[in-house]
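The opening residue of the sequence shown carries number 0 in numbering that gives the first Met the number 0; numbering runs sequentially from there.
For each residue, glycine too, the CB sits at the ideal point set by N, CA and C.
This report refers to the structure that appears directly beneath it.
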Amino acid sequence: MAEEVKRVFAFGKDANGNNVTEGNTSMKAVLGGKGANLAEMANIGLPVPPGFTISCQTCMEYANAGNVWPEGVLDVIHEYRSDLEARAGKKIGDAQDPLLVSVRSGAPISMPGMMDTVLNLGLNDESINGLIVQTENPRFAWDSYRRFIQMFSNVVMGLDGDLFENAISMKKNLRGVRSDTDLTADDLQELVEEFKRIFAENVDAAAYPDLAHNGVATFPQDPTVQLKLAIEAVFGSWKNPRAVLYRQKNKIDDNMGTAVNVQCMVFGNKGDTSATGVAFTRNAATGEKEFYGDYLVNAQGEDVVAGIRNTSPIAELKHTPGLEEAGRELEEVFVLLEQHFRDMMDIEFTIEQGKLFMLQTRVGKRTAAAALRIAIDMEKEGLITKEEALKRVEPEQLDQLLHPQFDKNASYDVLARGLNASPGAAVGEIVFSSADAVAVSEAGRKCVLVRWETNPDDLAGMIAAEGILTSHGGKTSHAAVIARGMGAPCVCGVDALKIDAEKKEITVAGSDVVLHEGDMISIDGTTGTVVSGAVELVMPELTGDLDTILEWADEVRVLGVRANADNPEDAQLSRDFGAEGIGLCRTEHMFLGDRKQLIQQFILNDDEDIRTECVHKLGELQTGDFLGMFRAMDGLPVIVRLLDPPLHEFLENPRALDVEIAHMEEQGASAESVAEKRALMAQIDSWAEANPMLGLRGCRLSILFPQLPDMQVRAIATAAAALKKEGLDPHPEIMIPLVSFESEIESLRAKAEAVIAEVEAEQGVQLEIPIGTMIELPRAALIADQIARHADFFSFGTNDLTQTTLGFSRDDAEAKFLPRYLEEHLLKRNPFATIDDGVAELVRMGCEKGCSANPKLACGVCGEHGGDPESIMKFAQVGPDYVSCSPYRVPIARLAAAQAALV
0 MAEEVKRVFA FGKDANGNNV TEGNTSMKAV LGGKGANLAE MANIGLPVPP
50 GFTISCQTCM EYANAGNVWP EGVLDVIHEY RSDLEARAGK KIGDAQDPLL
100 VSVRSGAPIS MPGMMDTVLN LGLNDESING LIVQTENPRF AWDSYRRFIQ
150 MFSNVVMGLD GDLFENAISM KKNLRGVRSD TDLTADDLQE LVEEFKRIFA
200 ENVDAAAYPD LAHNGVATFP QDPTVQLKLA IEAVFGSWKN PRAVLYRQKN
250 KIDDNMGTAV NVQCMVFGNK GDTSATGVAF TRNAATGEKE FYGDYLVNAQ
300 GEDVVAGIRN TSPIAELKHT PGLEEAGREL EEVFVLLEQH FRDMMDIEFT
350 IEQGKLFMLQ TRVGKRTAAA ALRIAIDMEK EGLITKEEAL KRVEPEQLDQ
400 LLHPQFDKNA SYDVLARGLN ASPGAAVGEI VFSSADAVAV SEAGRKCVLV
450 RWETNPDDLA GMIAAEGILT SHGGKTSHAA VIARGMGAPC VCGVDALKID
500 AEKKEITVAG SDVVLHEGDM ISIDGTTGTV VSGAVELVMP ELTGDLDTIL
550 EWADEVRVLG VRANADNPED AQLSRDFGAE GIGLCRTEHM FLGDRKQLIQ
600 QFILNDDEDI RTECVHKLGE LQTGDFLGMF RAMDGLPVIV RLLDPPLHEF
650 LENPRALDVE IAHMEEQGAS AESVAEKRAL MAQIDSWAEA NPMLGLRGCR
700 LSILFPQLPD MQVRAIATAA AALKKEGLDP HPEIMIPLVS FESEIESLRA
750 KAEAVIAEVE AEQGVQLEIP IGTMIELPRA ALIADQIARH ADFFSFGTND
800 LTQTTLGFSR DDAEAKFLPR YLEEHLLKRN PFATIDDGVA ELVRMGCEKG
850 CSANPKLACG VCGEHGGDPE SIMKFAQVGP DYVSCSPYRV PIARLAAAQA
900 ALV
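Written out as structure tokens, the structure reads:
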């Protein structure tokens, strides 16, 4: 082993009371959060039981070598074990006066409860007698031994914990007592023998030859074997399923590893003057400045978190007989730790026969409401600055304050899980079509729209429904994107649900559950949870603290924040949430509902008179749309994207039409009506494309059907002129989508300017309407300097830019192969949720080249990434002037942009 690599670090005092700690709180990457903070507490003089920490890097070396120890490390651990025994004045496993240790995990980033712990290590059939003699407390000794066997068997050997809990329950029933603490020393001694029998019957001796005796596995008596296996188990818990899932959810690097802390045990189960507890320096739920937590008398720490006994509130500790002095000292430690770390701290402690010991401290997890209050209060107290307060609130947490959620006290069984596509919770009866959703809503009932996947034709139903549930699609599928834009809860990609829209029923894979139309269902778009039946919902309380934090954020952020909104209601909501304009108004959503017939007639008719009439009617409707949008955003910019999607999206579904024709023939419909339907189907088929996302859409539509962009530009200009005459201050901007060639924007801009000039002449009003483009193709980013000569602004459509750069279909990738890519660490992040570095580089290139050719060019991002805090951090470094996101993510983006400015 290379000498310069230090893998083990001591903390605590020596036998003479001198601090010999080798680390501090700045060393979390090496010592993990727990080890670093244990070292820090020792350094500031708090009563920390001595121990040593094995580094996170050693964990990863061990794991990456196929669970083989790096050369020489076991020897170093033995050296530090010997040093610890010398400092403690006793040895692990000693028959006369045994030292017992805990073996605990501790990752660089807090992962509460995700990894493993082993307590009371060092007990065996000989050392138990020494513990009895030294403590003169047989009950305590046997209780500690049974706990050690139980925990070691479960954590290290993987045995089912219920095997031991059932044995305890049987013993309590046999003795006629209710609590573990009512069992006598003899009862616990009998349990130890029972536990060793369970161990022998359930551990494969062939898999553990070191534990085998006459072909049967025996509980390990050698402390060296106990310690080695326990450390290996804690290392292994870095990769257990719950830890892996937690890291994925919280975007924690899988390569960090966990440290292992071996620490002298102190005991909270030595009678009524002993206790253990977990506490926070402030209320983790509300943020109120009060000591918050629980403790148990005559218990060990795992009893508190396991919930097997009723705890007492921490405020009562200093009033508990025999614990008064330790309780007062603990409150002084609370104040000291909060002042030292300048944050709300989570604390674990043990009181052994009246003496307080600190076992852990870390920055405490908290609700969004608590995070806001604590940050603001600490700034007022002078403990932190405004800038630090802004960093203390996780932007994603703000979702908790903006959407209804399942009542945390509600009881329910999870039916299935999918992707948490749009936050919030919804309860309603199941409907399988947009029309049914509208009908149910109009009847005054609440519903959840359940579809294989939604399409633009479902918009009315999506608006009418309380929430959307799909068995297909990912976080940037149609359902997800539209739901987020509307602020509607959505769960996507629930593969376990087999939806039969024709039969109007859902079957659930792996179960006999069948749900029908009208059955109640609950979805939680924040967690991706689906529940059969109605779950009670609660609306989180909005507080003035949110406004305060966002005001502070606006003072420091450089990046602007706009919203993606397609109707006046969403525009007003965006403005209420602090949006500085509309970065994307998708006009295709304005062509659905009753207007769909007009656009269908335009597409399917070659008669120019009919097309002209359709365009005229659509123009009148569009003018009304823009009047509402511009009025809601008076004084602020509104970027209107000209019609973008493939025209066939406005036509009937060929599959549905095929089924309809089959039914007509089966029911004996006239040949003429069947022929008419077949002719319609032939027309629709003629518009079908093998790859519509790369087909006739965007600016290509405008070039092929110039009537459509002319109509839209005229409607935009006419609405702006009308509002100017009213004395308002509209700021529309026109965005030409999917440009790839300089000639496209040059041609279309000239035509748009001509229409605007016509409206100015007609209305007698001078209009200033910037014209720009959406950069969503790699070629556009590569020739951005050429395109910028004809553009007033760029808006990077990162959804499509990701698709076209990576060659990933966003609707298919998330359902098919992206989960495997993430599972096997081929990708660290879903590129449709967090901007890929390659795509971000194209944004940087587009901004730099565009601004070099046109210094007045404004640049923004309007893809889904505009509301993702991690992506915002990258955008702040690559050049855009603003991001645009769904209305409900505007507060999140404002805070994330401020944090980006403070990096």
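For secondary structure counted as the alpha helix (DSSP H) over 4 or more consecutive residues, the stretch 733-813 holds these complete runs in sequence order: 741-762, 777-781, 783-787, 797-805. Contact annotation: F234 and I148 have beta-carbon atoms that are not nearer than 8 angstroms. For N419, the enclosing beta strand (DSSP E) stretches over residues 418-421. When C-beta atoms of the stretch 716-732 are compared with those of the stretch 672-687, fewer than three pairs fall below 8 angstroms, so the two segments do not count as touching. With distances taken between CA atoms, L597 lies nearest to G618 out of C584, G618, Q56.
Sequence-distant Cβ neighbours of G697 in its own chain, meaning closer than 6 angstroms and more than five residues away, are D643, P736, L737.
In the DSSP annotation of this structure, the continuous segment of the alpha helix (DSSP H) that includes H615 starts and ends at 607-631. Excluding sequence positions up to five before and after E465, its CB lies within less than 8 angstroms of the CB of A425, V426, G427, K445, C446, V447, A487, P488, all in the same chain and listed in chain order.
In this structure E550 is exposed. Its beta-carbon is surrounded by fewer than 16 other beta-carbon atoms within 10 angstroms. Looking at the DSSP output, C584 shares a beta bridge with V639. Straight-line spacing of the CA atoms in E193 and I91 works out to 24 angstroms. Every alpha helix (DSSP H) stretch that sits fully inside the stretch 228-276 and reaches 4 residues is listed by chain position as 240-249. For the pair T319 and L397, the Cα-to-Cα distance works out to about 39 angstroms. Taking the CA atoms as reference points, V430 sits about 6 angstroms from E516.
Going by beta carbons, I53 and V259 fall inside the 8 angstroms limit. Residue pairing for S25: DSSP places it in no beta bridge. By the beta-carbon neighbour count (other beta carbons within 10 angstroms, threshold 16), D569 is buried. In the three-state reduction of the DSSP assignment, R893 falls in the helix class. Classified as exposed, I609 has fewer than 16 neighbouring CB atoms from the shown chains inside 10 Å of its CB. Taking a cut-off of 8 angstroms on C-beta distances, the stretch 874-892 does not touch the stretch 802-814, as fewer than three cross pairs fall below it. Between F8 and L37, the C-beta spacing is not below 8 angstroms. Remark: C-beta atoms of I375 and A388 approach each other more closely than 8 angstroms.
A residue is called buried once 16 or more other Cβ atoms fall within 10 Å of its Cβ, and A274 is buried on that count. Going by DSSP, V191 is part of the alpha helix (DSSP H) stretching over 184-201. Boundaries cannot be given for M589, as no beta strand (DSSP E) includes it and DSSP labels it neither H nor E. Assigned with DSSP and collapsed to three states, I429 falls in strand. Under a 10 Å Cβ-count criterion, H824 is classified as exposed, with fewer than 16 other Cβ atoms of the shown protein chains found around its own Cβ. Check the Cα spacing between G582 and each of T280, G865, K848: the tightest is with G865. Assigned with DSSP and collapsed to three states, I53 falls in strand. Straight through space, the alpha carbons of A420 and F793 are spaced by roughly 27 angstroms. With contact defined as three or more Cβ pairs closer than 8 angstroms, the stretch 820-838 and the stretch 846-855 are not in contact.
Buried is the label assigned to K33, since at least 16 other Cβ atoms lie within 10 Å of its Cβ. Taking the Cα of V838 as reference, the smallest distance to any Cα among D82, L800, I167, N18 is reached at L800.
Segment contact: the stretch 251-266 against the stretch 125-133, fewer than three CB-CB distances shorter than 8 angstroms; contact not assigned. Per DSSP, the continuous beta strand (DSSP E) segment holding H515 begins and ends at 513-515.
Annotation: the stretch 355-397 contains the following complete segments of the alpha helix (DSSP H) (minimum length 4 residues), in chain order: 367-379, 385-390.
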